[in-house]
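Residues in the sequence shown are numbered consecutively from 235, following my numbering. Ideal Cβ placement from N, Cα and C applies to all residues, glycine included. Values in this document were obtained by computation on a predicted structure and should not be read as measured data. Notes to accompany the following structure.
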Amino acid sequence: AGHKRILRGLLLSKDITLNEDVFRFLAGQSIDNLDQFDARHLSNLAYAYALIDNVPEFEDGSDLFDHIAMKAVDIIAEFNAQD
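This is the structure in structure tokens:
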């Protein structure tokens, strides 16, 4: 039960909303490593952020889904019905 409390404290603000800074940081780390993502990883990343209704934006005006889409175009042949 203690680990749930720690995780909740990290991911949620005191007013029980998403801690935007943490999710933006995680998204930034993800886009720095997108070259290592396959179709399934891209799909899971997009799905996770869609579930929490969060689209982190970056200083250059792009957002996480822009980067996912650009990478998906590069590896479109890898996608299948399961991804």
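Best match in the options for proximity to residue i [C-alpha to C-alpha]
i      : options                           : result
Leu298 : Lys248, Ile286, Gly262 and Asn267 : Gly262
Thr251 : Ile286, Glu293 and Gln316         : Ile286
Glu254 : Ser277, Glu291, Val307 and Gly295 : Glu291
Glu312 : Ala284, Gly295, Asn288 and Asp272 : Asp272
Leu279 : Ala303, Glu293, Gly295 and Asp294 : Ala303
Asn288 : Ile240, Leu241, Leu244 and Val256 : Val256
His301 : Arg242, Arg239 and Asn267         : Asn267
Lys305 : Leu276, Phe259 and Arg239         : Leu276
Which residues DSSP lists as bridging residue i, in chain order
i      : result
Leu252 : Leu246
Burial state of residue i, where buried means 16 or more other Cβ atoms lie within 10 Å
i      : result
His237 : exposed
Ser264 : buried
Lys248 : exposed
Leu246 : exposed
Leu244 : exposed
In chain order, which continuous runs of the alpha helix (DSSP H) of length 4 or greater are located wholly inside the stretch 258-317? 273-285 and 298-308
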